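Visitor:
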Amino acid sequence: GAGVSQSPSNKVTEKGKDVELRCDPISGHTALYWYRQRLGQGLEFLIYFQGNSAPDKSGLPSDRFSAERTGESVSTLTIQRTQQEDSAVYLCASSQQGISTDTQYFGPGTRLTVL
Amino acid sequence: SQKIEQNSEALNIQEGKTATLTCNYTNYSPAYLQWYRQDPGRGPVFLLLIRENEKEKRKERLKVTFDTTLKQSLFHITASQPADSATYLCALDMGNDYKLSFGAGTTVTVRA
């Protein structure tokens with residue numbers, strides 16, 4: 001079937017605006033992860049979903065960041081009152097069971113630019 | 001917290017040669033390591049997983065080693081091709097059931 005998809009692929013916004021990023025995982029994958037990747041840097045863990053619950057939100061940088069997941073389906077990452085330091089690529093990944101030996105399947109990412 | 005270091009310099013090699021990438025870690029010793037490939041504008045793609053009790057793992061022209069004494073994994077691309085040009089990321093388990101910690105990656109460019 002289809003892989004992980006993310007939308008939009010690019011988002012340019014003004015400082016202070018809210019943005020919503022969407023992730024459609026592979027069907028049947030119970031686990032979903034959000035990461036942030038700044039230019040030239042590694043993947044920074046943001047949040048982990050098992051089904052529609054988020055047992056680990058420890059990577060969310062501030063209370064301006066939140067995420068939801070509907071069942072074992074689509075997830076949205078919301079950033080409120082965006083700041084320039086939020087500019088990065090936001091990657092979503094899904095895996096079958098959510099154990100760390102699972103392969104994580106990544107989407108193409110959303111490139112967020114905050115002016 | 002776990003610190004992961006990959007080759008800080010990009011690797012430029014001639015087609016046909018072997019590229020060797022390093023992944024060093026401190027503190028917690030992972031039970032296994034994963035290697036991913038990332039092309040520009042795309043998400044990472046899984047390549048190989050090696051467990052702590054495995055010294056070496058191979059997949060086609062790729063070879064990974066895992067030395068828990070040195071706290072190091074080496075990733076080799078043999079008989080390299082221009083299509084191997086990409087950024088390669090190592091990822092370590094975090095001692096829980098679900099989380100990986102990723103290195104910053106090493107960019108490899110293979111010249112024809």
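As you go down the protein sequences, you meet chains X and F in turn.
What the first sequence shows, in this note's numbering, is residues 1 to 115, in sequence order.
What the second sequence shows, in this note's numbering, is residues 1 to 112, in sequence order.
Beta carbons: idealized from backbone N, C-alpha and C, even for Gly.
Keep in mind the model is a prediction, meaning the values are calculated, not measured.
(1) Which residues, in order along the stretch 8-30 of chain F, keep a beta-carbon less than 8 Å from a beta-carbon of chain X?
(2) Considering only C-alpha positions, which residue in the set X:Thr76, X:Ser87 and X:Thr101 is nearest to X:Gln37?
(3) I want to see whether chain F comes within less than 7 Å of X:Thr13, judged by CB atoms only; does it?
(4) Can you have a look at F:Asn12 and say buried or exposed, based on whether 16 or more other CB atoms are within 10 angstroms of its CB?
(5) So X:Ile26 contacts chain F; which residues on that side make the cut at Cβ distance below 9 Å?
(6) Under 6 Å Cβ to Cβ from F:Thr26, same chain only, skipping five residues before and after it: list those, please.
(7) Which bits of chain F does X:Ala88 rub up against, with CB to CB less than 7 Å?
(8) Measuring alpha carbon to alpha carbon, tell me which residue in F:Leu49, F:Val110, F:Asp84 and F:Asn53 is nearest F:Leu92.
(9) Nearest-angstrom Cα distance between F:Arg42 and F:Thr65?
(10) Counting only C-beta atoms, is F:Pro40 closer than 7 Å to chain X at any point?
(11) Our contact map puts X:Thr13 next to X:Gln97 with C-beta atoms below 8 Å; I'd like the distance itself, whole angstroms only.
(12) When you compare each of X:Pro108, X:Cys92, X:Ser100 and X:Tyr105 to X:Trp34 by their alpha carbons, which one comes out closest?
(13) Three Cβ pairs or more, each shorter than 8 Å: is that satisfied between the stretch 68-78 of chain X and the stretch 1-9 of chain X?
(14) At least one CB of chain F closer than 7 Å to the CB of X:Pro8: is that the case?
(15) Nearest chain X C-beta to F:Pro82 closer than 7 Å, yes or no?
(16) Are the stretch 53-61 of chain F and the stretch 99-109 of chain X in contact at 8 Å, needing three or more beta carbon pairs?
(17) Between which two residues does the beta strand (DSSP E) containing F:His76 stretch?
(18) Within 10 Å of its beta-carbon, does F:Arg37 have 16 or more other beta-carbons around it, so buried, or fewer, so exposed?
(19) Based on DSSP bridge pairs, tell me the residues matched to F:Asn24.
(20) In the DSSP assignment, the beta strand (DSSP E) including X:Ile26 goes from what residue to what residue?
Guide: Inspection of the coordinates gives the following:
(1) none
(2) X:Ser87
(3) no
(4) exposed
(5) None at all; the shortest Cβ gap to chain F is about 12 Å.
(6) Counting only Cβ-Cβ distances below 6 Å, and skipping sequence neighbours, we find Lys3.
(7) Per Cβ cutoff of 7 Å: no residues; X:Ala88 is ~14 Å from chain F at best.
(8) F:Leu49
(9) Answer to the nearest angstrom: the Cα atoms are 26 Å apart.
(10) no
(11) Between X:Gln97 and X:Thr13 the Cβ distance is about 35 Å, and since that is not below 8 Å, they are no contact.
(12) X:Cys92
(13) no
(14) No, no contact with chain F.
(15) no
(16) no
(17) Gln72 to Ile77
(18) Residue environment for F:Arg37: buried (at least 16 other C-beta atoms within 10 angstroms of its C-beta).
(19) F:Glu5 and F:Gln72
(20) DSSP places X:Ile26 in no beta strand (DSSP E); its state is neither H nor E.
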